[in-house]
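I have placed the structure first, in the form of structure tokens, so that the comments after it can refer back to it.
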Amino acid sequence: MVEVNRMIKQFKESRKMMQQMSKGNMENIPGMEQMLGGGVKGKIGKMAMNRSMKKTKKRKKKKRKRNKESSSGFCLF
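Taking full-length UniProt numbering, I'd label the letters of the sequence shown as residues 1 to 77.
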């Protein structure tokens, strides 16, 4: 029973982490900045990572908006 509970907890944690990564919310995951930042350290590396994440979020938001607009309109075909 203990092993089953442990496996369920691990599954939930990994699902939460994957959701955060897919949303671009990687600043809340410790150590992720250095892994994805290409090894640039310090203030400059953090600034570059933040800029990259903002750009990715903006791109995803634009894509979602475009998909929402195309699905809300009707088609004559």
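Yeah, the Cβ is synthetic: ideal placement off N, Cα and C, and Gly gets one too.
Bear in mind that the values here come from a model prediction, so they are computed numbers and not experimental data.
On the DSSP letters alone, give me the boundaries of the alpha helix (DSSP H) that residue i sits inside.
i: M1; result: M1 -> no alpha helix (DSSP H), and no H or E assigned at all.
In angstroms with no decimal places, state the Cα-to-Cα distance between residue i and residue j.
i: K12; j: R6; result: 10 Å
i: R66; j: S14; result: 30 Å
i: M53; j: R64; result: 16 Å
i: G42; j: S70; result: 42 Å
i: E3; j: K16; result: 20 Å
i: Q10; j: N50; result: 28 Å
i: K61; j: I8; result: 32 Å
i: K68; j: M1; result: 45 Å
Could you name the residues of the same chain whose beta carbon sits closer than 7 Å to that of residue i, not counting the 5 residues immediately before and after it, in chain order?
i: Q19; result: none
- Specify whether the region 51-62 and the region 6-25 touch according to this definition: at least 3 beta carbon pairs, one from each stretch, less than 8 Å apart. yes
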